[in-house]
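Peer 1: If you read the protein sequences in the order shown, they are chains Z and X. If you read the first sequence in the working numbering, its first letter stands for residue 1, the second for the next number, and so on. If you read the second sequence in the working numbering, its first letter stands for residue 1001, the second for the next number, and so on.
2 protein chains.
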Amino acid sequence: MANTHVKEMKALKEHLGKHQLKLTRQRELILSAFLRQEHITAEAMYHQLAKSDPHLGLATIYRTLNLFCDAGLAQARHFGSQTQYDNITHKGHHDHLICTGCQKIVEFENEEIERLQEEVASKNKFTITTHRLELYGLCSRCRH
Amino acid sequence: MANTHVKEMKALKEHLGKHQLKLTRQRELILSAFLRQEHITAEAMYHQLAKSDPHLGLATIYRTLNLFCDAGLAQARHFGSQTQYDNITHKGHHDHLICTGCQKIVEFENEEIERLQEEVASKNKFTITTHRLELYGLCSRCRH
DNA sequence: ATTGAAATTGATAAGCCGTATCAAGATGAT
DNA sequence: ATCATCTTGATACGGCTTATCAATTTCAAT
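(1) Contact defined as beta carbons within less than 8 Å: I believe His1131/X pairs with Leu135/Z. What is the distance between those atoms, to the nearest angstrom?
(2) Note down the Cα distance separating His1055/X from Ile1040/X, rounded to an integer number of angstroms.
(3) Is Leu1116/X near the ligand ATP - that is, is its Cβ less than 6 Å away from at least one heavy atom of it?
(4) At a Cβ threshold of 7 Å, is Glu1134/X touching chain Z?
(5) Decide if Asp1070/X is buried, meaning its Cβ has at least 16 other Cβ atoms within 10 Å, or exposed.
(6) With Thr1127/X as the anchor, note down where its beta strand (DSSP E) starts and where it stops.
(7) Looking at the secondary structure, which residues open and close the beta strand (DSSP E) in which Glu1107/X lies?
(8) Answer with yes or no whether the minimum CB distance from Cys1139/X to chain Z is below 7 Å.
(9) Whole angstroms is fine: what's the gap from Gln37/Z's alpha carbon to Tyr1062/X's?
(10) Following the continuous beta strand (DSSP E) through Gln1117/X, name the residue where it begins and the one where it ends.
(11) Would you give the residue range spanned by the alpha helix (DSSP H) that Gln26/Z belongs to?
(12) Identify whether Arg1063/X lies in helix, strand or coil by the three-state DSSP scheme.
(13) Classify Ile1105/X as buried or exposed, calling it buried when 16 or more other Cβ atoms lie within 10 Å of its own Cβ.
(14) Report the three-state DSSP secondary structure of Cys99/Z (helix, strand or coil).
(15) Would you give the residue range spanned by the beta strand (DSSP E) that Ala76/Z belongs to?
(16) With burial defined as no fewer than 16 other Cβ atoms inside 10 Å of the residue's Cβ, what is the status of Glu14/Z: buried or exposed?
(17) Do you know how far the Cα of Gln84/Z is from the Cα of Met1045/X?
(18) Starting from Gln48/Z, trace the beta strand (DSSP E) both ways and give me its first and last residue.
(19) Any contact of the region 1012-1028 of chain X with the region 110-117 of chain Z, i.e. 3+ C-beta pairs under 8 Å?
(20) Quick one: using the 10 Å Cβ neighbour count with 16 as the cut-off for buried, is Leu1067/X buried or exposed?
(21) Tell me the residue span of the beta strand (DSSP E) that contains Asp1053/X.
(22) Between the Cα of Glu107/Z and those of Ile88/Z, Leu97/Z and Gly101/Z, spot the shortest distance and give me the residue it belongs to.
(23) Quick one: grab the DSSP three-state call for His1005/X.
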């Protein structure tokens, strides 16, 4: 593992220590791969890691990603029929504008909306860890 | 079926007509039940309707709720291990604040956010038909 | 009203995703 | 280095949703 992601490694070790869990080669490997992504599914990571480590089991990936959730490094989010594990240490969230005609996806960010989301959350005494905003519609070409 | 929900019935018939689909007793029944809810799972509707119609199959409910999604009356949302079908005709769209600790869902509406969404869309020359906004986090109880 | 092609239904098998199980192996406190 | 404990990998299992298919229903054309 590169000496980037030192902070996250430290956070993981702290969690492991607190819960009498052990640091394994697999956990290091999966953490390293996970931190390079903004979000990933267990299956996708399985295939990705299979190249360098063909014997890494899918169950181990699921277990480890769930461990990262417990450790506060990841957050599970259900999307389609699968679970996306979001890297919550990753900055720069973006939202999506999706054309239901041609499936084109435009990414955008809007600070004002983010601010209002925080406002809604605090009004309800929630602490937001992540969010998802998707606007569905037709792009100019598909409207005609 | 009561003569409330006439508009939605009309929208469904229009969709059916366009796609060479047929209006059945089951579809009417399920539409009627669906429109009384803000959101519901297929399983929940199955049990609810079993009382008045014990032979209505679960597969039919899934198929019909997916049909409603195609017809623009419903929107599927994956939550936990199940799919929630949201009634998007229900007194305006509402968004969700979801506690990842206890699974509690708080619904909210925010005109200002909706307005900003329109703004983002028009900036990208999109016409929005629907949207989805989910804020994930911890409620006050689960934060501790 | 009857007919008949096409769609729909209900029952259930199958599929997919994620978790549980468990023997074999790895870890780390002593 | 030892050894209790945790972890892994392979796979069985379970929950949710979709696919399959024979029987039934719908609806447009008689």
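Glycine included, every Cβ here is placed at the ideal spot set by N, Cα and C.
Peer 2: From the atom records:
(1) Counting from one through the second sequence, the residue named residue 1131/X turns up at place 131. Counting from one through the first sequence, the residue named residue 135/Z turns up at place 135. That pair is a contact at about 5 Å.
(2) For the purposes of this step, residue 1055/X is taken as residue 55 along the second sequence, with counting starting at 1. For the purposes of this step, residue 1040/X is taken as residue 40 along the second sequence, with counting starting at 1. Distance between the alpha carbons of His1055/X and Ile1040/X is about 20 Å.
(3) Looking for the ligand ATP in the displayed structure turns up nothing, as the structure carries no ligands at all.
(4) Position 134 of the second sequence, counting from 1, holds the residue named residue 1134/X. Any Cβ of chain Z closer than 7 Å to the Cβ of Glu1134/X would place that residue at the interface, and such an atom is present.
(5) Along the second sequence, read from residue 1 onward, the residue named residue 1070/X stands at position 70. Exposed is the call here.
(6) For the purposes of this step, residue 1127/X is taken as the residue at position 127 of the second sequence. It spans Thr1127 to Leu1138 - the beta strand (DSSP E) in which Thr1127/X sits, taken as one unbroken run.
(7) The residue you call residue 1107/X lines up with position 107 of the second sequence. Note, Glu1107/X: beta strand (DSSP E), Ile1105 to Phe1108.
(8) Position 139 of the second sequence, counting from 1, holds the residue named residue 1139/X. Closer than 7 Å to some Cβ of chain Z, the Cβ of Cys1139/X qualifies, so yes.
(9) Along the first sequence, one-based indexing puts residue 37/Z at 37. Along the second sequence, one-based indexing puts residue 1062/X at 62. Answer to the nearest angstrom: the Cα atoms are 34 Å apart.
(10) Locating residue 1117/X in the second sequence gives position 117, counting from the first residue. The continuous stretches of beta strand (DSSP E) do not include Gln1117/X, which lies in the alpha helix (DSSP H) extending over residues Glu1111 to Lys1123.
(11) Against the first sequence, residue 26/Z aligns to sequence position 26. Counting along the chain, the alpha helix (DSSP H) containing Gln26/Z begins and ends at Arg25 to Leu35.
(12) Counted from its first residue, the second sequence places residue 1063/X at position 63. Arg1063/X carries a helical assignment under DSSP once its states are collapsed to helix, strand and coil.
(13) Numbered from 1 along the second sequence, position 105 holds the residue referred to as residue 1105/X. Exposed, because fewer than 16 other Cβ atoms sit within 10 Å of the Cβ of Ile1105/X.
(14) Residue 99/Z sits at position 99 when you count from the first residue of the first sequence. In this structure, Cys99/Z counts as strand in the three-state DSSP scheme.
(15) Working through the first sequence from its first residue, we reach residue 76/Z at position 76. DSSP places Ala76/Z in the uninterrupted beta strand (DSSP E) bounded by Ala74 to Phe79.
(16) Looking up residue 14/Z in the first sequence gives position 14. Exposed, because fewer than 16 other Cβ atoms sit within 10 Å of the Cβ of Glu14/Z.
(17) As a working mapping, residue 1045/X is identified with position 45 in the second sequence. As a working mapping, residue 84/Z is identified with position 84 in the first sequence. Spanning the two alpha carbons is a distance of roughly 28 Å.
(18) Residue 48/Z sits at position 48 when you count from the first residue of the first sequence. That residue, Gln48/Z, is in no beta strand (DSSP E); its alpha helix (DSSP H) goes Ala42 to Ala50.
(19) In short, these stretches do not touch, since the Cβ pair count stays below three.
(20) Along the second sequence, read from residue 1 onward, the residue named residue 1067/X stands at position 67. A residue is called buried when at least 16 other Cβ atoms come within 10 angstroms of its Cβ; Leu1067/X meets this threshold and is buried.
(21) Taking the first residue of the second sequence as position 1, residue 1053/X is located at position 53. Premise fails: Asp1053/X is in no beta strand (DSSP E) and is neither H nor E.
(22) Looking up residue 107/Z in the first sequence gives position 107. Taking each of Ile88/Z, Leu97/Z and Gly101/Z in turn and checking the Cα distance to Glu107/Z, the smallest one comes out for Leu97/Z.
(23) On the second sequence, position 5 is the one that residue 1005/X refers to. Three-state DSSP puts His1005/X in coil, outside helix and strand.
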